[in-house]
Amino acid sequence: MGGVGLALLGQGTVNYLNPATLTELPFTYITGNVVHETADLAGSGQDAFITNTNVSGVQFVVPLKVNRISIAVGLNPYSVIEYQFSSRGTEGSKSFEEIVSGDGGINTAFFSVSIHPFRRLYLGATGMFYFGNLRNMWRVIFDSPIFTNTQDEVSRNFTAGNIRLGAVVRLTDAWTFGGVFTPSVTLNADKSITLERLTRFENLQAGDIDLPQSYGFGTTYSLGKKLLLGLDFYSQKWSDFNAQGYVNDSKRIAFGLEYSGKGDYKSSYWSRAALRLGVFYQDLGLEDPIGEKVTELFGTLGVGIPLKWRAGRIDLALEGGRRGSSSSNPFRETVFRFTATVSVGEKWFFRRKTR
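1313 is the number that the numbering used here gives to position 17 of the sequence shown; each next residue is one higher, with no gaps.
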């Protein structure tokens, strides 16, 4: 559905965009996500093709009181970097290869509480713990064995805690409205530098990372018994930090629809299947080398395939689009992204009634 989900309620939907939605799940759910992405980069006579496959999260939801109180724990990647550039050079009669590379990422462990205090009101809060490591390396490899190769490494370990608040209001039986808010946070860094064949320096100037305040709101509307429409808006206030390269707030608008029989786990197989379409537009808050905004436009197609032997399903989604500002922008990326999510639900922690 184009990533729509800030106001999405439903018994078959494990939705972590807004913690307030989790009380709609009647069973204990375990979910896992895998993402495969390809990016074709082109610009200024230089081309590149990048592929990446990663586990994008594992989550566990437990209803403490069905349709009233639920908790969830999980682990999701927040960001991942992996790059390598190389070039040949000479210094006098000495030829060498220079390699610049980086790897690592930041993950988020979370604990969510969702409550349904009134018939049409859902509330939720998520405590988040950020942790991870980013590493940058610079190497010089000489062709001649009489010269000593060099390698410099800068490593930063990050930790921080934060919270996300969410709410959903069911305005009518067919219409919902929801929103989320996350305050800004600073990822505290411990920095170390290793110079090959020399020494290692630790506890240097940290190089902390600031993450901005973010907020979003969305709505869904059911047309009849099978068609659901959704619209989301989400923004991050990067302009508060005036970070290098970030000159504006990032903004994302998404629209999607789902066609489904909306059956529960007791319903027929095909009444639990779903077909989804969507589109989203995002201003990343960046400027490219020629001073234009970097934006992206994607279309999405997805299906929900019920698991016949469990109260769960497999959700498959394909996204395709382009990242780049305008026809005058020489830098652009054509991106395709495939996502698979497996959700399995069972009745746990329920006492059987005895006579």
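Quick reminder that beta carbons are idealized off the backbone N, C-alpha and C, glycines included.
Can you have a look at residue 1418 and say buried or exposed, based on whether 16 or more other CB atoms are within 10 angstroms of its CB? Your numbering for residue 1418 matches position 122 in the sequence shown. Answer is buried; the Cβ neighbour count reaches 16.
Roughly how far, in whole angstroms, is the beta-carbon of residue 1432 from the beta-carbon of residue 1637, given that I think they are within contact range, below 8 Å? Taking the first residue of the sequence shown as 1, we reach residue 1432 at position 136. Taking the first residue of the sequence shown as 1, we reach residue 1637 at position 341. Not really, about 32 Å apart at Cβ, beyond 8 Å.
Can you tell me the Cα-Cα spacing of residue 1349 and residue 1333, whole angstroms? Walking along the sequence shown from the start, residue 1349 turns up at place 53. Walking along the sequence shown from the start, residue 1333 turns up at place 37. So the alpha carbons of these two residues sit roughly 6 Å apart.
Which class does residue 1317 belong to by DSSP, given the choice of helix, strand or coil? Sequence index remark: in the sequence shown, residue 1317 carries index 21 (1-based). It is helical.
Within the chosen definition, does the stretch 1409-1425 reach the stretch 1446-1454 through at least 3 CB pairs nearer than 8 Å? no
Which same chain residues end up closer than 6 Å to residue 1252 when comparing Cβ atoms and leaving out the 5 residues on each side of it in sequence? Given that the chain is displayed from residue 1297 to residue 1651, the structure contains no residue 1252 and the question cannot be resolved.
Close Cβ partners of residue 1379 (< 7 Å) along its chain, the five nearest in sequence each way excluded: As a position in the sequence shown, residue 1379 is number 83, starting the count at 1. Taken in chain order, the residues that qualify are 1397, 1398.
Grab the span of the beta strand (DSSP E) containing residue 1413 for me, first residue to last. The count along the sequence shown starts at 1 and reaches residue 1413 at position 117. First-last of the beta strand (DSSP E) with residue 1413: 1390-1414.
Any 3 or more C-beta pairs closer than 8 Å across the stretch 1302-1320 and the stretch 1470-1483: yes
Excluding the 5 residues preceding and the 5 following residue 1344 in the sequence, name in chain order all residues of the same chain whose CB lies nearer than 7 Å to its CB. Start at 1 with the first residue of the sequence shown, and residue 1344 comes out as number 48. Leaving aside the five residues that flank residue 1344 on each side, the residues in its chain whose CB is nearer than 7 Å to its CB run, in chain order, 1337.
Using a Cβ-Cβ cut-off of 7 Å (strictly less than) and excluding sequence neighbours within five positions of residue 1525, which residues of its own chain qualify? Taking the sequence shown and counting its residues from 1, the one referred to as residue 1525 is at position 229. Closer than 7 Å at the Cβ level, and outside the excluded window around residue 1525, lie 1516, 1517, 1519, 1553.
From residue 1494 to residue 1347, what distance separates their C-alpha atoms? Here residue 1494 corresponds to residue number 198 of the sequence shown, with the count starting at 1. Here residue 1347 corresponds to residue number 51 of the sequence shown, with the count starting at 1. In this predicted model, residue 1494 has a pLDDT of only 49, less than 50, meaning its place in the structure is not dependable; the value taken from the coordinates is given anyway. If you take the alpha carbons of residue 1494 and residue 1347, they lie about 36 Å apart.
Quick one: which unbroken beta strand (DSSP E) runs of 3-plus residues sit fully inside the stretch 1437-1505? Chain order, please. 1446-1466, 1471-1478, 1481-1491, 1495-1498
Going by alpha carbons, who is nearest to residue 1297 out of 1630, 1639, 1614, 1642? Here residue 1297 refers to the residue found at position 1 when the sequence shown is read from its first residue. Looking at the Cα atoms, 1614 is the closest of the given residues.
How big is the Cα-Cα spacing for residue 1581 and residue 1599? Your numbering for residue 1581 matches position 285 in the sequence shown. Your numbering for residue 1599 matches position 303 in the sequence shown. Whole-angstrom Cα-Cα distance: 31 Å.
Taking the alpha-carbon positions, what's the residue 1529 to residue 1403 distance? As a working mapping, residue 1529 is identified with position 233 in the sequence shown. As a working mapping, residue 1403 is identified with position 107 in the sequence shown. Going by C-alpha positions, residue 1529 is about 24 Å away from residue 1403.
In whole angstroms, what separates the C-alpha of residue 1635 from that of residue 1616? On the sequence shown, position 339 is the one that residue 1635 refers to. On the sequence shown, position 320 is the one that residue 1616 refers to. Whole-angstrom Cα-Cα distance: 12 Å.
Contact set for residue 1575: own chain, Cβ-Cβ below 8 Å, skip 5 residues either direction: Along the sequence shown, one-based indexing puts residue 1575 at 279. Contacts found: 1298, 1550, 1551, 1552, 1593, 1594, 1595, 1596.
Could you please give me the residues that DSSP links to residue 1427 through a beta bridge? For this step, residue 1427 is matched to residue 131 along the sequence shown. Paired residues: 1403, 1455.
Which residues does DSSP pair with residue 1528 in a beta bridge? Residue 1528 sits at position 232 when you count from the first residue of the sequence shown. For residue 1528, which the question treats as bridged, DSSP gives the partners 1514, 1550.
Suppose the cutoff is 6 Å on Cβ atoms and the five residues either side in sequence are ignored; what does the same chain contact list for residue 1391 look like? The residue given as residue 1391 occupies position 95 in the sequence shown. These residues qualify, in order along the chain: 1439.
How long is the line joining the alpha carbons of residue 1619 and residue 1588, rounded to whole angstroms? Counting from one through the sequence shown, the residue named residue 1619 turns up at place 323. Counting from one through the sequence shown, the residue named residue 1588 turns up at place 292. Cα to Cα, the separation comes out at about 12 Å.
If you run the structure through DSSP and keep just helix, strand and coil, what is residue 1563? Sequence index remark: in the sequence shown, residue 1563 carries index 267 (1-based). If DSSP states are grouped into helix, strand and coil, residue 1563 belongs with coil.
Which residues DSSP lists as bridging residue 1583, in chain order: Taking the first residue of the sequence shown as 1, we reach residue 1583 at position 287. Within the DSSP secondary-structure output, residue 1583 pairs in a beta bridge with 1589.
Please classify residue 1642: is it buried, with 16 or more other beta-carbons within 10 angstroms of its beta-carbon, or exposed? Stepping through the sequence shown from its first residue, residue 1642 is reached at position 346. Residue 1642 is exposed by the Cβ-count criterion.
C-beta atoms of residue 1667 and residue 1317 nearer than 9 Å: Given that the chain is displayed from residue 1297 to residue 1651, the structure contains no residue 1667 and the question cannot be resolved.
Below 8 Å on the Cβ atoms is my guess for residue 1607 versus residue 1323; work out the distance and round it to an integer in Å. If you number the sequence shown from 1, residue 1607 lands on position 311. If you number the sequence shown from 1, residue 1323 lands on position 27. The C-beta distance from residue 1607 to residue 1323 rounds to 5 Å, short enough to fall under 8 Å.
Per DSSP, which residues does residue 1433 bridge with? Please list them. What you label residue 1433 is simply residue 137 of the sequence shown in a count that begins at 1. Answer is 1397, 1449.
Sequence-distant residues of the same chain with beta carbon closer than 6 Å to residue 1325, five excluded per side: The residue labelled residue 1325 in the question sits at position 29 within the sequence shown. Cβ within range, chain order: 1310, 1357, 1639, 1641.
With DSSP run on the structure shown, which of helix, strand or coil describes residue 1364? The residue given as residue 1364 occupies position 68 in the sequence shown. DSSP, read as helix, strand or coil, puts residue 1364 in coil.
Please classify residue 1536: does DSSP put it in a helix, a strand, or coil? Translated into positions along the sequence shown, residue 1536 becomes position 240. Here residue 1536 sits in helix by DSSP.
Cβ neighbour criterion (16 or more within 10 Å) applied to residue 1315: Start at 1 with the first residue of the sequence shown, and residue 1315 comes out as number 19. So residue 1315 counts as buried.
What first and last residue would you give for the beta strand (DSSP E) that runs through residue 1632? In the sequence shown, the residue the question calls residue 1632 occupies position 336. For residue 1632, the enclosing beta strand (DSSP E) begins and ends at 1628-1642.
If you follow the beta strand (DSSP E) that residue 1616 is in, where does it begin and where does it stop? Working through the sequence shown from its first residue, we reach residue 1616 at position 320. According to the DSSP assignment, residue 1616 belongs to the beta strand (DSSP E) that extends over 1608-1619.
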